[in-house]
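Structure first, commentary second.
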């Protein structure tokens, strides 16, 4: 005999009495859980036990019979009618900025998933979702008549965005018995493998690199995932960067709407532009640069009241002539935030036709530009500046090395041809500007950058540290001056813009730095108004001492991270009150916004800042700052993986390294020849216990006083390599420095993990 189902009224009373979740809470939990859930999952999530579970069973049965839930065995999910709250994924954004989505979870037996119009009533400060983004949304079904007119069945109000990283895994697929498989994740912090159920492998083969989405978190057993994309052979080094691209959700394919817009772009108009084609503007870039977005020129100022002064022009590609506000191109560039550079590829902010063709300042070809004209006196102080929209023609494309060689008297024919008319005046102007720079006192940290050179197969051929030339410093200083002029101009005209902000170190970091400097006998007074020149004084005192590298490391760690903001806070590292990015609009969205702001402020055309640009400046600043951090992490992780693969055949080899980090569990080290980062467990350091000395950034033996300190040069032996994760593990092969046994106060006692605890 079957039991009679309780009435809806009785079910609601029972739910309220037993503390059961409301329908909205229940739908939100089901919607936000990766994949379908069971009654046990719901009971655990809401802390239900005993008779409350009976009430839950009745509530679920009631919702199932109403058609709001789909219950198959122990699996519960939404039905053909979307629940009031669910997770949706943005699938398209039209030319007017309207976003469309589909539900993440949908039963194919109910036909194609419905289209959902995503409303614009987002919470304040919440960025607009882009294609591929997932959000938790409140869903409203449209009446049949309105549905047929608008072409979509539902509309949604965004409640909150969902982290892509939490729902994504990249790793190596391993085929298991039967039709099941497993994903060995690529992330260093991933604790579990992922189970791939029957039919969810996407056709992946054993050993293949895949991108997958998490469908069920770890509760009992392994978390589950569904393969979304096959990325190729995991052993092919040319696929290494794909791990970071997919792992960090970096968009690497342009939507069709963007590509369609690019094909319809028309040549720029010369009307209203200043003609700079007769001026020998030069592009000076890395030898392997594919796009060229800045050109420079200088000449002595012939004004009678400015003896020894110079006129300088910095011409920047006019990307705003092609990328207009609120177009698909603009929305995609904003979503990407910047170009991301890997040793084997570039994920560009803009399609190649723009970045490498229409907006690249090619030698001998007419290009649109935004020109910054500046006049400096004999001491390098800027007397004036102005901005124009121009047409230019690069007189020559030179590599840094070629330009420097010509100045040094050993140039090739092409560079020598530009020597007297262009290069010497540039160097003379730079001499004036560098004197003013020294007077300003920007932070002078020595941070050599390594460059990976690949062979044709994508393997590492060599790793080099490019020589730092005056040619590099010249272009850097000219770009800084143009960026300052842009910020000053827009600030003076009270035009909204995005500032590049670098705040002074926090008081906590300054206290930590002061405590450390006492250990190396370098004074640093707290309470003063800190300037970058104070740090330079510290670096100067450490020069040519055993602590020089260590002091550079600790000073670097004391600094804040630069970011974009719509409000100004100055740039501490450059010792500048006003600073904005203006000089790289091909690869940074912030620069494009500054270009539009200058067009508006200086009345240079109708394609300046839009009302939407202005209204969303704070949101844009947050968005592109996050994108910048994402790119930095992806670039660093890719280098780690490539170098780990390069060292995979050198187990047991010894390397010279420098200690780059100190924690209780051991030491982080950076290899001298490759720049590879790895970890030395505390168990390999020596006998006895080690104490973590936070002030000195050191591990110190409590038995002997043997010390391993940040910045020390050591010998390490390679013991483990994980190429897909980019992990290297070493053991210490050299002795630490002699030192005193640590006091019990001020440090953390660290036990060697391979020794029994003392009693």
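Residue numbers (this note's numbering): 761 to 1519.
Even glycine gets a Cβ: it sits at the ideal position worked out from N, Cα and C.
{"Query": "Proximity of residue 1247 and residue 1259 at Cβ, strictly below 9 angstroms", "Result": "yes"}
{"Query": "The region 1163–1179 in contact with the region 1251–1265 per 3-pair CB rule at 8 angstroms", "Result": "no"}
{"Query": "Distance between residue 987 and residue 962 (C-alpha atoms, nearest Å)", "Result": "5 angstroms"}
{"Query": "Residue 1479 versus residue 1438 - alpha carbon distance", "Result": "10 angstroms"}
{"Query": "DSSP-derived helix/strand/coil call for residue 1512", "Result": "Note that residue 1512 has pLDDT 42, beneath the 50 cutoff, so the model's placement of it is unreliable and no number is given."}
{"Query": "Simplified DSSP assignment, three categories, for residue 1057", "Result": "strand"}
{"Query": "Closest residue to residue 1365 among 813, 1078, 985, 1003 (Cα-Cα distance)", "Result": "1078"}
{"Query": "Inter-residue CB distance, residue 1112 and residue 1153 (contact presumed, cutoff 8 angstroms)", "Result": "Not confirmed; about 22 angstroms, so no contact."}
{"Query": "Residue 993, enclosing beta strand (DSSP E) - first and last residue", "Result": "984–993"}
{"Query": "Rounded separation between residue 1022 and residue 1348 - CA only", "Result": "18 angstroms"}
{"Query": "Touching by the beta-carbon criterion (3+ pairs, under 8 angstroms), the region 1106–1120 and the region 1361–1376", "Result": "no"}
{"Query": "Residue 1167 versus 1147, 1188, 1417, residue with shortest Cα-Cα distance", "Result": "1188"}
{"Query": "Presumed contact (8 angstroms Cβ cut-off) between residue 1148 and residue 1034, rounded CB distance", "Result": "4 angstroms"}
{"Query": "Residue 1477, enclosing beta strand (DSSP E) - first and last residue", "Result": "1473–1482"}
{"Query": "Buried or exposed by the 16-neighbour rule on C-beta atoms within 10 Å, applied to residue 757", "Result": "The chain is shown only over 761 to 1519; residue 757 falls outside these bounds and no answer can be derived."}
{"Query": "Own chain partners of residue 755 with C-beta closer than 6 angstroms, once the 5 adjacent residues on each side are dropped", "Result": "Here the chain comprises residues numbered 761 to 1519, so residue 755 is not present and cannot be evaluated."}
{"Query": "Whole-angstrom C-beta distance between residue 1407 and residue 1436, which should lie under 8 angstroms", "Result": "6 angstroms"}
{"Query": "7 angstroms CB neighbourhood of residue 1237 in its chain, flanking five on each side removed", "Result": "1190, 1193, 1194, 1197"}
{"Query": "Which listed residue (1221, 1391, 1375) has its alpha carbon closest to that of residue 1434", "Result": "1221"}
{"Query": "For residue 1098, three-class secondary structure by DSSP", "Result": "strand"}
{"Query": "Where residue 931 sits in the DSSP three-state scheme", "Result": "strand"}
{"Query": "For residue 1075: DSSP bridge partner residues", "Result": "1055, 1131"}
{"Query": "Delimiting residues of the beta strand (DSSP E) encompassing residue 1156", "Result": "1156–1159"}
{"Query": "CA-to-CA distance, residue 1351 to residue 985, given in whole angstroms", "Result": "39 angstroms"}
{"Query": "Where the alpha helix (DSSP H) containing residue 805 begins and where it ends", "Result": "799–805"}
{"Query": "Rounded separation between residue 1009 and residue 1025 - CA only", "Result": "28 angstroms"}
{"Query": "C-alpha gap between residue 968 and residue 1178, whole angstroms", "Result": "52 angstroms"}
{"Query": "Status (buried if at least 16 other CB within 10 Å, exposed otherwise) for residue 1029", "Result": "exposed"}
{"Query": "Collapsed DSSP secondary structure at residue 1185 in the structure displayed", "Result": "helix"}
{"Query": "First through last residue of the beta strand (DSSP E) which encompasses residue 1271", "Result": "First-last for residue 1271: 1267–1279, but that is the alpha helix (DSSP H), not the beta strand (DSSP E)."}
{"Query": "DSSP bridge partner residues for residue 971 (one or two, in chain order)", "Result": "930, 989"}
{"Query": "Outcome for residue 1475 when other beta-carbon atoms lying within 10 angstroms are tallied against a minimum of 16", "Result": "exposed"}
{"Query": "Under the three-state DSSP convention, the category residue 1469 falls into", "Result": "strand"}
{"Query": "Spatially closest choice to residue 1341 from 878, 903, 1381, by CA coordinates", "Result": "1381"}
{"Query": "Cβ neighbour criterion (16 or more within 10 Å) applied to residue 1088", "Result": "buried"}
{"Query": "Beta-carbon gap between residue 1082 and residue 1118 smaller than 9 angstroms", "Result": "yes"}
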